[in-house]
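Just so you know, we're using the working numbering here: the sequence shown kicks off at 2 and counts up by one.
To keep things clear, I will list the structure first and then write my remarks on it.
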Amino acid sequence: MTTIIDGNEIADRIRAEVSACTETLAASDVRPGLATVLMSDDGASETYVSMKQQACEETGIDGFHHEIDPDEPAAVLYDRIDELNADPTVHGILVQMPVPDHVDKREVLARIDPRKDVDGFHPENVGRLVAGNARFKPCTPHGVQKILAAEGIETEGKDAVVVGRSDIVGKPMANLLVQYGEGGNATTTVCHSRTRNLAEKTRNADILVAAAGVPEMIDGDMIQEGATVIDVGINRVEADTEKGYELVGDVDFESCRETAGAITPVPGGVGPLTIAMLLYNTVKAASHQSGVAVELP
Ligand code: NAD
């Protein structure tokens, strides 16, 4: 019997834990603050940022939203980051990607104070993650780890295959899976657009994480009987709906659901965890910066 993993339920539990932490902080007059910065007209980015802001409100975190016209020079964004770095009411800073082409993405990531880098993309934080001493684990791969833990899916000694090698999902996911300790110790293969014989690799996976951004590319013939299939993909495909599109993952859910031992749906799988882990990192940042201890699991 295949387990359909309920990401919303797992995320709700984490959000309740985050709320308990914000209460602990409030008792010491600390209110965690998250600044989001949007420099884009992209509809999906606007939706993601507003979902993050709403989640802050629901968990006792102050949300500060900043919008910068995408036609402004890059310096406007850099200056805003400097201001937020210096603002003591802001514990976490998130610049929603993508930024316009005339903005240097690497400069943006490196400019955010690493202690406020709740996305975990600053080079210092990437280095710490690889070294096994993470300050902030990137939200989506951390959410995948939380899903595996919540479902009692052991990673130690397992063959894990990550499809995708982006800086925000694939690479940090693979890095987490190979670390020593809980949620790690997996034998991890990273596949990408230049991988030959992809199905041969994915069929070997006890745990398959699909993060390629290609709609329904993983089908039932590409997975092993009983595999845990985690679908990170969120792809808009044209459909006869009110919005004119629907969201599908990188996994062909219907063809995989019989073979998989456990599988995440899209939507309602990994997505809710990404937001929950952002709240988690913001509370962690506020705790570090204020010196008030909280108990984050
Ligand atoms: P990306 O485009 O930056 O990276 C995609 C990666 O997949 C690349 O490394 C590429 O080499 C690889 N790839 C592309 N086509 C491939 C193919 N045919 N075979 C094998 N590998 C292939 O994307 P990303 O930012 O890592 O996001 C991946 C997907 O996850 C997207 O659908 C995105 O919307 C989604 N996403 C979801 C969440 C969430 O919260 N659930 C968060 C971030 C991203």
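In this text, a Cβ means the ideal position worked out from N, Cα and C, and glycines have one as well.
Here DSSP, grouped into helix, strand and coil, assigns G262 to coil.
Checking the DSSP bridge columns, you'll see F65 partnered with A36. Ranked by Cα distance from V77, the options M40, D30, G64 are led by M40. The C-beta distance from T260 to G234 rounds to 18 Å, too long to fall under 8 Å, and the pair is not in contact. T188 and S29 have their alpha carbons spaced roughly 43 Å apart. Assigned with DSSP and collapsed to three states, G245 falls in coil, not helix or strand. Exclusion of the five residues before and after A175 leaves V163, T189, V191 as the residues of its chain whose Cβ lies within less than 6 Å of its Cβ. Check the Cα spacing between Y281 and each of K53, T4, A45, I6: the tightest is with K53. Excluding residues up to 5 positions away in sequence, I276, L280 lie with their Cβ nearer than 7 Å to the Cβ of A56 in the same chain. Contact between the region 101–116 and the region 250–268 is absent, with fewer than three C-beta pairs closer than 8 Å. Taken in chain order, the complete beta strand (DSSP E) segments of 3 or more residues contained in the region 150–189 are 160–164. Taking a C-beta distance under 8 Å as the contact criterion, H103 and R81 do not qualify as a contact pair. A straight line joining the alpha-carbon of T203 with that of L248 spans about 23 Å.
Contact between A294 and H92 does not hold, since the beta-carbon distance rounds to 15 Å and is not under 8 Å.
In terms of CA proximity to I11, G153 leads the group R136, K106, G153.
For L177 against V119, the beta-carbon gap comes to about 17 Å, at or over 8 Å, which does not count as contact.
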